[in-house]
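Under the numbering used here, think of the first position of the sequence shown as 933, with each following residue one higher.
Heads up, the beta-carbon is just placed ideally off N, CA and C, and yes, glycines get one too.
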Amino acid sequence: MNPAAVRVDQVTKRFAGHTAVKSLSFEVPAGGIFGLLGPNGAGKSTTIRMMMDIIEPDEGKVVLFGLEKSPRDISERLGYLPEERGLYKKMKVLEHLAFLGEVKGLGVADAKRRAGQWLERLGLQDWAQKKVEDLSKGMQQKVQFAGTLLHDPDLVILDEPFSGLDPVNAQMMKDIVVEIAKSGRTVLFSTHIMEQAEKMCDRIVIIARGEKVVDGSVSQVKAEFGGNHIALGFTHDKENAARILADRRLVATLDDYGASAELELAAGASPDALLGALVREGVGLNRFEVVEPSLQSIFIAKVGNAAVVPAITEAA
């Protein structure tokens, strides 16, 4: 059995008396896509920086690939896209990417060849001889993403990789992430956007206020959360549904999106009882479906008020 790509063992990190990460433990299996999830200020970026040996834990340890080595000693096996994007803005794009490849151990010619291939794949070939500062923020993000992958790392760590991207470019990067995982390599990415994680991740950890609150495969997490969940879609103004949806004999929790909603039935209530009540009230429905709980609803239930408490130091 291959060792875990990442093992976080009872890690704690404090900043000026504030505990950003507290006794955190989890494993990232080799291969696949792993989501490190949590609200802003939860400790995600702090945890990733400890993985990369940018900062040291006050307690506990992080082990990569089962090796008692610093990430700096196995840098060629790692690809890291930090939350704080950073490029040398006066360098030309192709030159910059090739430089990043050389830093990771590629030869000059190989680094330049790979840089050109990535620019073409990401639709940036016409910008190869432009300075980085001439690119839009989205283009610069794609350049740094390419630099993270240029040397074919075994472990790719992406901190909020899709933040600020338009839907087309976000989809392009998602496709590449999935491709990397299918090749047998490991991707760990952090996000607070549950829809991304639900669609992409094999396993997840959710942390809040620096502590772990959920750990497991997405299917396992949903099964353990349990409950009877209903997805509703409304054909018109749903004001006449308000009384039914507020009835705690029928509905335990409600996630209202306006034209649609997801709810958890109250203990002892049945889907038939809810549907009957909505029909008698004359509510226009275009969807009534018993569904598994969404990761979004699990996140809200598990994280609760931690999602609205501002971080004292770390932004993520």
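message: Can you look up N928 in the DSSP assignment and give me helix, strand or coil?
response: Lying outside 933 to 1248, the shown extent of the chain, residue 928 is not represented and no answer is given.
query: Count the other CB atoms within 10 Å of the CB of V1223; is the residue buried (16 or more) or exposed (fewer)?
result: exposed
message: Assuming contact is defined by CB atoms lying nearer than 9 angstroms, are L1082 and G1018 in contact in what I supplied?
response: no
- prompt: Who are T1123's beta bridge partners in DSSP?
  reply: L969
- request: Determine, using beta carbons only, whether F1121 and I1162 come nearer to each other than 9 angstroms.
  value: no
query: Could you give the uninterrupted runs of the alpha helix (DSSP H) lying entirely in the stretch 1004-1079, keeping only those of 4 residues or more?
result: 1025-1035 and 1040-1053
Beta strand (DSSP E) runs contained entirely in the stretch 1174-1239, provided each spans 3 or more residues: 1183-1188, 1192-1197 and 1217-1223
field: Those residues which DSSP pairs with D1134 across a bridge
entry: Answer is none; D1134 lacks a bridge partner.
query: When we look at the beta-carbon of H1168 and count the other beta-carbons within 10 Å, is it buried (16 or more) or exposed?
result: exposed
query: Taking the Cβ atom as the reference point for each residue, do V1119 and I1232 lie within a distance shorter than 9 angstroms?
result: no
query: Near F1188, what residues of its chain come up, given a Cβ to Cβ distance below 8 angstroms and the 5 sequence neighbours on each side ignored?
result: The sequence given here places Asp at residue 1188; Phe does not occur at that position. Hits under 8 angstroms: L1177.
field: Strand pairing of G1165, partner residues [DSSP]
entry: S1192 and R1219
query: Taking 8 angstroms as the cut-off, is the CB of G1216 close to at least one heavy atom of the ligand NAD?
result: Annotation note on the ligand NAD: not contained in the displayed structure, which lists no ligands.
message: Taking the alpha helix (DSSP H) that S977 belongs to, which residues open and close that run?
response: K976 to M983
- request: Measure the Cβ-Cβ separation of G1096 and L1029 and say whether it is below 9 angstroms.
  value: no
message: With a threshold of 7 angstroms on Cβ separation, who are the neighbours of Q942 within its own chain once the five nearest residues in sequence on each side are excluded?
response: S955, S957, E991 and G992
- prompt: In terms of alpha-carbon separation, which member of V1146, L1210, G975 and D1091 lies closest to N1172?
  reply: L1210
task: Quick one: using the 10 Å Cβ neighbour count with 16 as the cut-off for buried, is K1069 buried or exposed?
output: exposed
- request: On a CA-only basis, which of Q1073, K945 and E1156 is nearest I1304? Give me that one, please.
  value: The structure shown has nothing for residue 1304, since the chain only spans 933 to 1248.
field: Classification of K1021 by the beta-carbon crowding that lies within 10 angstroms, buried from 16 upward
entry: exposed
- request: Would you mind reading off the limits of the alpha helix (DSSP H) that contains K1154?
  value: V1150 to F1157
task: Using the DSSP secondary-structure output, state which residues sit across from R939 in a beta bridge.
output: E959 and V995
task: Given a cut-off of 9 angstroms, decide if G1142 and A952 are closer than it, judged by their beta-carbon atoms.
output: yes
- prompt: Going by the beta-carbon positions, is the gap between Y1012 and M982 smaller than 9 angstroms?
  reply: no
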